[in-house]
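In our numbering, the protein residues as written are -15 to 438.
Think of the CB as a built atom: it goes at the ideal place given N, C-alpha and C, for glycine as much as any other residue.
Shown next, in structure tokens, is the structure this report addresses.
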């Protein structure tokens, strides 16, 4: 008992852990509305239209991810290293270069979307007349012109509360607009506009806040920083390209489930998967909120070679993620079907969170629970490798695993039940995360064993 009290006291006094958790709390609170909103929207639209909504929003987001660099990671690594060493001019140059490159790729992504919208409408949504709606929602790409770069700046500044506030504002705005749409009959186009406006707020907000914070981070003259102050361009560009390709691989292997099942099984099954993924968000929501605050802390600890500090952080956030994941998994396994998909009586009135037509989403939910639960435990694996400068290793592992996943999907899905895509996805998660976690921890052991140089 005494040992337990001492351990709890040590955790409470861990300022690094406290900073990560408190920052994550802000993001978690702002995401909760989004989870409830997904349930309301599913009830308004029905399975097929809810699936179509997921296909459109997912298609646009994935086109943007396929062609955009993960500039948030680039900014956190190279601007963070520069600020740690007092090189403000280099830090400013990193942000300018990252913003310029991201803007160019965002414009390119919008152009590609316009060209590919008919294909998405025909083969995923199974309705060519929906092509203009793909382009309409594509305006979110332009609203997110340099949002990744801005988010990286705010992560370094520790402005997670600002990011959470922006998230909260857009969630409230979408909720109000969806409520108004519900009063008017829940028309699909009105709900799509609600989500479009929310995405625009989510894109423009970080840019405005980051603009205000840049002078405090890199000096009042940060816009005048020359590009000659950039770190070695081959290293930085290689890191950016590797993270971009890794992001592209994630789109194909992890973030396109609604598209895959839409192509093989149609929009109704896409609706089942969209519901299952929304419910899985209950597990990943607080852990996803940990990713942003954890990455800068891992980067700083690794750069400063503070191995004890780094190991302690990884251990403790793993325990936190595991505790939350275990609790939610327990509830979903025992009570998920009854609570979520079957009518239940409360104070004499009958309620239903999801209509019975969504019940086929439950097997998918249970399968995904395994893979996403495993991912939660080691959510920091990618951040750790990026802090070690091993973006190329991430690329190689995820690329090989992606090829295996796509091959299995092409072979199995045409002759398998709809839940097989979920089985293939969790296999991808477990294999890729296991390999990357092992490599990151191995590097810590190797580095910590080296003699300290004065």
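Contact between the stretch 153 to 160 and the stretch 125 to 137 is not established, with fewer than three Cβ pairs separated by less than 8 Å. DSSP, reduced to helix, strand and coil, places residue 171 outside both helices and strands of the structure shown, so it counts as coil.
Non-local beta-carbon contacts of residue 258 in its own chain, meaning distances under 7 Å to residues more than five positions away in sequence, involve 34, 35, 38 and 242 in chain order. Closest in C-alpha terms to residue 371, from the list 341, 78 and 294, comes 294. Excluding five sequence positions before and after residue 124, the CB atoms of its chain that fall closer than 7 Å to its own CB belong to 44, 180, 183, 184 and 187, given in chain order.
Here residue 303 is exposed, its C-beta having fewer than 16 other C-beta atoms within 10 Å. About 17 Å separates the beta carbon of residue 79 from that of residue 279, a gap too long to meet the 8 Å contact definition. Rounded to the nearest angstrom, the gap between the Cα atoms of residue 226 and residue 65 is 19 Å. In the DSSP assignment, residue 139 falls within the alpha helix (DSSP H) that extends over 131 to 141. A distance below 8 Å between beta-carbons, with the five flanking residues on each side excluded, links residue 268 to the following residues of its chain, in chain order: 356, 359 and 360. In the displayed model, residue 431 falls within a helix according to three-state DSSP. The beta carbon of residue 395 sits closer than 6 Å to no other beta carbon from its chain once the five residues preceding and following it are set aside.
Taking a 10 Å sphere around the C-beta of residue 212, we find fewer than 16 other C-beta atoms and assign the residue as exposed. Within the same chain, Cβ atoms closer than 7 Å to the Cβ of residue 249 are found at 402, the five residues on either side in sequence being excluded. For residue 297, the enclosing alpha helix (DSSP H) starts and ends at 291 to 325. Residue burial annotation: residue 315 is exposed, with fewer than 16 other C-beta atoms found within 10 angstroms of its C-beta.
Out of 145, 77 and 173, the CA that lies nearest to the CA of residue 116 is found in 173. Its chain contains 63, 66, 67 and 202 as the residues whose beta carbon lies nearer than 6 Å to that of residue 75, once the 5 sequence neighbours on both sides are disregarded; these appear in chain order. Contact between residue 408 and residue 393 holds, with the beta-carbon distance rounding to 6 Å and staying under 8 Å. Residue 106: member of the alpha helix (DSSP H) spanning 72 to 107, first to last residue.
For residue 205, the three-state secondary structure derived from DSSP is coil.
No residue range can be given for residue 59, since it is assigned to no alpha helix (DSSP H) and is classified by DSSP as neither H nor E. With respect to residue 342, residue 109 sits apart: the two C-beta atoms are not nearer than 8 Å. Every unbroken stretch of the alpha helix (DSSP H) spanning 4 or more residues and falling wholly within the stretch 212 to 291 is given here in chain order: 217 to 237, 241 to 249 and 251 to 287.
When the beta-carbon positions are compared, residue 348 and residue 308 stay at least 8 Å from each other. Straight across, the Cα-Cα distance linking residue 290 with residue 350 is about 39 Å. For residue 382, the uninterrupted alpha helix (DSSP H) segment begins and ends at 375 to 396. C-alpha of residue 236 to C-alpha of residue 92: approximately 19 Å in a straight line. Around the C-beta of residue 277, 16 or more other C-beta atoms lie within 10 Å, and the residue is accordingly described as buried. Here residue 118 is near residue 40, since their CB atoms are less than 8 Å apart.
Within the model, the alpha-carbon separation for residue 83 versus residue 240 is close to 26 Å.
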